[in-house]
């Protein structure tokens, strides 16, 4: 299945899950007119563009490589806080950013940093996934303002509705739209899993967490993702566990830990 078709289908299912969660929590309310542009921007950044980057990136990038790159989102959250919010970065945090970048380069280059100069070690998919990490950081930071005014399930429903709408406009003219009917049953099982758990429940849980605790603390849980991905990719996809992936991943996690170790957790507004 083409990446665009996968994104369109999984978020159609995710919308159903979010609608059910919103109704079950008694959170249904039509959005205010002045919130529409804000929800549309979040949908474009966090749904349409972000998922296009990741789904197309995974066509040529290894799953383990992608997972280690995605885990650097907290690094970009720290950098955005410094650039946009004028938050201070300590010497340890600056060093941690450099260490995390080195770890990602080790993973992407498969341990041959010299190959990065010629560009041969980096695939188009690696580049797309690398762009998705700062993009997710932007999405998470922009979302914080809305979560002070809206319940998580309701806000995510409208954000995903806009994102799915933008994806629909792009996908309707794709020949893969008609080819979906020929997808085998095991393909549908995969899509349903992605739609229900990864596009529905996962986004609800992420927004619930962002609403309850500081973004820096939520970001810590992203560190679990590459560990799970490496294990699943080895068991299900047959990807080899290379020394470069393991060492680069360890260096990346060390850098992220250094960035967040001395970062104070701000108190949430009531």
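Numbering (the working numbering), first residue to last: 39 to 308.
Using N, Cα and C, we set each Cβ at its ideal position, and we do this for glycine too.
In this text, all values refer to a predicted model and were calculated from it rather than measured experimentally.
Rounded to the nearest angstrom, what separates residue i and residue j at their Cα positions?
i	j	result
residue 55	residue 190	13 Å
residue 250	residue 180	16 Å
residue 178	residue 193	13 Å
residue 65	residue 59	9 Å
residue 201	residue 172	18 Å
residue 104	residue 165	10 Å
residue 44	residue 239	17 Å
residue 288	residue 161	22 Å
residue 207	residue 175	25 Å
residue 57	residue 76	19 Å
residue 224	residue 270	18 Å
residue 268	residue 279	8 Å
residue 100	residue 290	17 Å
residue 185	residue 72	15 Å
residue 209	residue 110	30 Å
residue 95	residue 106	14 Å
residue 67	residue 46	25 Å
How is residue i classed by DSSP in three states: helix, strand or coil?
i	result
residue 188	coil
residue 263	helix
residue 98	coil
residue 109	coil
residue 69	coil
residue 193	helix
residue 304	Low local confidence applies: a pLDDT of 46 at residue 304 is under 50, so the model's placement there is unreliable, and no value is given.
residue 160	coil
residue 64	coil
residue 128	coil
residue 222	coil
residue 203	helix
residue 180	helix
residue 48	helix
residue 276	coil
residue 147	coil
What's the call for residue i, buried or exposed, on a 16-neighbour Cβ count within 10 Å?
i	result
residue 303	For residue 303, the predicted structure reports a pLDDT of 45, less than 50, and the residue's modelled location is therefore unreliable. A value from the coordinates is still provided. Per the 10 Å Cβ criterion, exposed.
residue 187	exposed
residue 276	exposed
residue 294	buried
residue 230	exposed
residue 227	exposed
residue 222	exposed
residue 281	exposed
residue 142	buried
residue 130	exposed
Provide the residue span of the alpha helix (DSSP H) that contains residue i, from first to last.
i	result
residue 86	Per DSSP, residue 86 belongs to no alpha helix (DSSP H) and is neither H nor E.
residue 281	281-299
residue 240	240-250
residue 78	74-81
Cβ-heavy atom distance between residue i and the ligand GTP below 7 Å?
i	result
residue 182	With respect to the ligand GTP, the structure offers nothing, as it holds no ligand at all.
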